[in-house]
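Enquirer: Numbering (the numbering used here), first residue to last: 2 to 307. Think of the CB as a built atom: it goes at the ideal place given N, C-alpha and C, for glycine as much as any other residue. Nothing here was measured: the structure is a model prediction, and the numbers come from that model. Sharing a structure here in structure tokens format.
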Ligand SMILES: [Zn+2]
């Protein structure tokens, strides 16, 4: 079992492998949000991860973006979801504006199961606003993955082949029941959905079981955010994780949860993620190619420096 309190602050025990940094760097999981939400998020993470005390909770979204650029990020999936009903449209419009100002920021939409007319929110987000997919966080948004109000949402997103990122894993960190069984049932019910297991069900499934799931569902992707950080000699699958990542490198992509990740500054997370990749092809897939494949693109967005 993992000890978060200790491991979160410990750098990987593994030495740098001598691999080159990837040709491009896509951070597949960041949370650049309106200031009120950033403030709350940084205050929360600072209590759990001491390194974040260096980051001022009053930091603006623009300053956070500059931070990512300084760290060498060429593009990033920006995830911003509503905590309650009635705010999704405003959030999704904010996402569009941020991406218009920063084309390298690849914005995802969200909605809340209690929102009126969720199907209209889907149409607006994808067709009018041009957002790239949907992100749901059942713990923070406080709903069950299989909430019946989500049925038509998933059905629609599956129909239109829209990427759907769902938080999974880290149940002990959240002190809530594991989402694994419900997530597996979601896969079973909507096998055609382009579904992403954010955090790759970390700490709530064995690597062997996860490999079986990845084999069974070809439309499933894994977002390795925070999962690779825990790669450490105490990690239950320490010896097997690099081979897993290599084997499924076209299904796994990297992210950091910035500015609410496992450590600060964010460069440390990119460097450490590299140490888990056993070869250069894996590095290229995990750090940008697979993320582009998820959103059906062949090239980085215009305005990215990569
Ligand atoms: Zn996140």
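Buried or exposed for residue 256, going by 16 or more other Cβ atoms inside 10 Å?
Expert: With 16 or more other Cβ atoms within 10 Å, it is buried.
Enquirer: DSSP puts residue 253 in a beta bridge; with which residues?
Expert: 223
Enquirer: Figure out for me which residue from 243, 262 and 161 has the closest Cα to the Cα of residue 284.
Expert: 243
Enquirer: For residue 274, does the three-state DSSP call read helix, strand or coil?
Expert: helix
Enquirer: If you reduce the DSSP assignment to three classes, tell me which class residue 204 lands in.
Expert: Three-state result, residue 204: coil.
Enquirer: Which runs of the alpha helix (DSSP H) fall wholly inside the segment 123-203 and span at least 4 residues, in chain order?
Expert: 139-142, 152-160, 172-175 and 181-190
Enquirer: Since residue 284 sits in a beta bridge, which residues does DSSP pair it with?
Expert: In the DSSP output, where bridge partners are listed per residue, residue 284 has none listed.
Enquirer: Here's a check: name, in chain order, each residue in its chain whose Cβ is nearer than 7 Å to the Cβ of residue 193, leaving out the five neighbours to either side.
Expert: 159 and 220
Enquirer: Just reading off the alpha helix (DSSP H) that residue 27 is part of, what are its end residues?
Expert: No alpha helix (DSSP H) holds residue 27; the beta strand (DSSP E) holding it covers 27-31.
Enquirer: State the beta-bridge partners of residue 259 as determined by DSSP.
Expert: Its beta-bridge partners are 31.
Enquirer: Quick check on the DSSP output: the alpha helix (DSSP H) that includes residue 1 runs from which residue to which?
Expert: Outside the shown range of the chain, which is 2 to 307, sits residue 1, and nothing can be said about it.
Enquirer: Can you grab the Cα-Cα spacing for the pair residue 154 / residue 123, in whole Å?
Expert: 8 Å
Enquirer: Give me the Cβ distance between residue 76 and residue 27, rounded to the nearest whole Å; I'm assuming they're in contact under 8 Å.
Expert: 5 Å
Enquirer: Can you tell me which of the three DSSP states residue 108 falls into?
Expert: strand
Enquirer: Would you identify the three-state DSSP class for residue 103, choosing helix, strand or coil?
Expert: Three-state result, residue 103: coil.
Enquirer: If residue 226 sits next to residue 206, beta carbons under 8 Å apart, how far is it from one beta carbon to the other, in whole angstroms?
Expert: So it is not a contact: roughly 16 Å between Cβ atoms.
Enquirer: From the DSSP output, read off the bridge partner residues of residue 79.
Expert: 31 and 108
Enquirer: What's the gap between the Cα of residue 247 and the Cα of residue 280?
Expert: 8 Å
Enquirer: Tell me where the alpha helix (DSSP H) around residue 279 begins and ends.
Expert: Annotation for residue 279: no alpha helix (DSSP H) segment contains it, and DSSP assigns it neither H nor E.
Enquirer: Can you grab the Cα-Cα spacing for the pair residue 98 / residue 106, in whole Å?
Expert: 10 Å
Enquirer: In this structure, how does DSSP classify residue 218 when only helix, strand and coil are distinguished?
Expert: coil
Enquirer: Report whether the distance from the Cβ of residue 204 to the nearest heavy atom of ligand 1 is below 6 Å.
Expert: no
Enquirer: Use the C-beta contact count for residue 185: other C-beta atoms within 10 angstroms, 16 or more gives buried, fewer gives exposed.
Expert: buried
Enquirer: Going by CA-CA distance only, name the one from 258, 161 and 298 that's closest to residue 1.
Expert: Coverage of the chain is limited to positions 2 through 307, which leaves residue 1 absent and any answer about it impossible.
Enquirer: Between which two residues does the alpha helix (DSSP H) holding residue 51 run?
Expert: Element bounds for residue 51: n/a, residue is neither H nor E.
Enquirer: Buried or exposed: residue 6, going by 16 or more other Cβ atoms within 10 Å of its Cβ?
Expert: Note that residue 6 scores 38 on pLDDT, short of 50, meaning its location in the model is unreliable; the coordinates nonetheless yield the value given after this. Residue 6 should be labelled exposed.
Enquirer: Would the segment 80-98 count as touching the segment 63-70 if we require 3 or more Cβ pairs under 8 Å?
Expert: In short, these stretches do not touch, since the Cβ pair count stays below three.
Enquirer: Check residue 63 in the structure and name its three-state DSSP category.
Expert: In the structure shown, residue 63 sits in a helix (DSSP, three-state: H, G or I).
Enquirer: Could you compute how far the alpha carbon of residue 301 sits from the alpha carbon of residue 187?
Expert: 31 Å
Enquirer: Classify residue 2 as buried or exposed, calling it buried when 16 or more other Cβ atoms lie within 10 Å of its own Cβ.
Expert: Low local confidence applies: a pLDDT of 36 at residue 2 is under 50, so the model's placement there is unreliable, with the coordinate-based value given in what follows. Exposed is the call here.
Enquirer: Within this structure, are the beta carbons of residue 58 and residue 46 separated by less than 7 Å?
Expert: Going by C-beta atoms, residue 58 is not nearer than 7 Å to residue 46.
Enquirer: Can residue 177 and residue 140 be called in contact, C-beta distance under 7 Å?
Expert: Cβ distance < 7 Å, so residue 177 and residue 140 count as in contact.
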